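Positions 1 to 301 (UniProt numbering) are the ones given, in order, by the sequence shown. Each residue gets a CB set at the ideal place from its N, CA and C atoms; glycine is no exception. Being a predicted model, the structure only gives us computed values, none of them experimental. Structure record follows, encoded as structure tokens.
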Amino acid sequence: MRNLPSTVTILSVPFDRGATRRGAGQGPNAIFGSGLKRKLDTLGIPYRVEELAAPPEMKDEAHNPQLKHVQEVLSINELLAARVYALAETGVFPLVLGGDHSIAIGTLAGLTRHHRNLGVIWLDAHSDLNTPDTTPSGNIHGMSLAVSLGKGDTRLTSIGGAKSPIKPENVVLIGSRSLDQGERDLIRQEGITCFTMQDIDRLGMFRVMEEAIRITSAGTDGVHLSFDIDSVDPKIAPGTGTPVQGGLSYREAHLAMEMLSESGIVTSAEFVENNPLLDRGQTTSRLLVGLIASMLGESIL
1 MRNLPSTVTI LSVPFDRGAT RRGAGQGPNA IFGSGLKRKL DTLGIPYRVE
51 ELAAPPEMKD EAHNPQLKHV QEVLSINELL AARVYALAET GVFPLVLGGD
101 HSIAIGTLAG LTRHHRNLGV IWLDAHSDLN TPDTTPSGNI HGMSLAVSLG
151 KGDTRLTSIG GAKSPIKPEN VVLIGSRSLD QGERDLIRQE GITCFTMQDI
201 DRLGMFRVME EAIRITSAGT DGVHLSFDID SVDPKIAPGT GTPVQGGLSY
251 REAHLAMEML SESGIVTSAE FVENNPLLDR GQTTSRLLVG LIASMLGESI
301 L
């Protein structure tokens, strides 16, 4: 039996300055253009759409190569944190469409003001656990989960006002296959549960998702899904700026979404890093429409 949210607010966040390759800012419109609204209408889920305008590009006079475009990242994430918090307070299901993964900073900042003890399922080829001290690129989309754990630049960790950082024991990484050394060290140091693609090969996606659901729902008052499309193999999801071979299959990705729907634990979600400039036709955007629908309750029978 599937659990459909009563009301969804879709927050479109066309922002891509947290990444090296531009284009993910066009991701939300590509998802809408591939039939997301029609799909939600078919499912009978009431929804509304809001767009957060990306800030103008700024000339960073104090350019920091370890924190690229930090002023723009701060600006969009402050807006997003405030909006997500307001939605969560009213009991609406926030569905955030990015944009690059730096927007997770704002999503999680807003959610942790509402939830006292939030669980997080992070489906991603990467862990996004770098800090300015460990980043090899300076791109903030590779730091978003670390920021949400209270690690890194204080301007980023203080986005959204008073809140508690996410607890490492409430986080589960799934699909990891490209980790920097600093991220590996932090995963071990903090005791974060990480299911790599090797684990998925050995255990199977069903077992991995069972464990992820158990861990993130144990003693928490909400569970957030952060889904980066690069978690899926680029052969079937080519439209992303950070492709890594050997990712989730079509059915593994859908099974994950279906199991989350059946569990009824997910209280918010975001889907990020869809880059239509790199896509083949609408292949990746259409896949995302299907995955979002599975997460929201669509079933085969």
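Excluding five sequence neighbours on each side, which residues of the same chain lie with their C-beta closer than 6 Å to the C-beta of residue i?
i, result
"His-115", "Asp-221, Gly-222"
"Ile-187", "Cys-194"
"Ala-237", "Ile-229, Thr-284, Leu-287"
Who are residue i's beta bridge partners in DSSP?
i, result
"His-224", "Val-120, Ser-268"
"Glu-51", "Ser-12"
"Leu-248", "Val-232"
"Phe-93", "Val-8"
Measure from the alpha carbon of residue i to the alpha carbon of each residue in the options, then state which is nearest.
i, options, result
"Gly-25", "Ala-146, Glu-51, Leu-145, Gly-150", "Glu-51"
"Glu-57", "Pro-65, Val-73, Gly-290", "Val-73"
"Ala-104", "Cys-194, His-63, Phe-15, Arg-280", "Phe-15"
"Leu-288", "Glu-89, Tyr-250, Gly-44", "Tyr-250"
"Thr-135", "Ala-88, Lys-68, Ser-217", "Lys-68"
"Val-96", "Asn-130, Val-8, Thr-20, Val-120", "Val-8"
"Pro-132", "Asn-77, Gly-152, Ala-237", "Gly-152"
Could you give the DSSP three-state label for residue i: helix, strand or coil?
i, result
"Ile-159", "coil"
"Val-175", "Val is not the amino acid found at residue 175; the sequence shown has Gly there. Three-state DSSP puts Gly-175 in a strand."
"Thr-193", "strand"
"Val-232", "strand"
"Gly-98", "strand"
"Thr-134", "coil"
"Gly-35", "coil"
Which residues in the same chain as residue i place their Cβ atom closer than 7 Å to its Cβ, once the five residues preceding and following it in sequence are excluded?
i, result
"Thr-196", "Ser-176, Arg-177"
Would you mind sorting residue i into buried or exposed? The rule is 16 or more other CB atoms within 10 Å of its CB.
i, result
"Arg-83", "buried"
"Arg-202", "exposed"
"His-63", "exposed"
"Gln-245", "exposed"
"Ile-229", "buried"
Once the 5 residues before and after residue i are set aside, which same chain residues still bring their CB inside 8 Å of it?
i, result
"Ser-259", "Note that residue 259 corresponds to Met in the displayed sequence, not to Ser. The answer, listed in chain order, is Phe-206, Met-209, Glu-210, Ile-213."
"Met-1", "For Met-1, the predicted model reports a pLDDT of 46, less than 50, meaning its position is unreliable and no value from the coordinates is stated."
"Leu-255", "Met-205, Phe-206, Met-209"
For residue i, decide whether its Cβ has a neighbour in chain C, counting only Cβ atoms nearer than 7 Å.
i, result
"Ala-86", "Absent from the structure is chain C; it holds one protein chain and no more."
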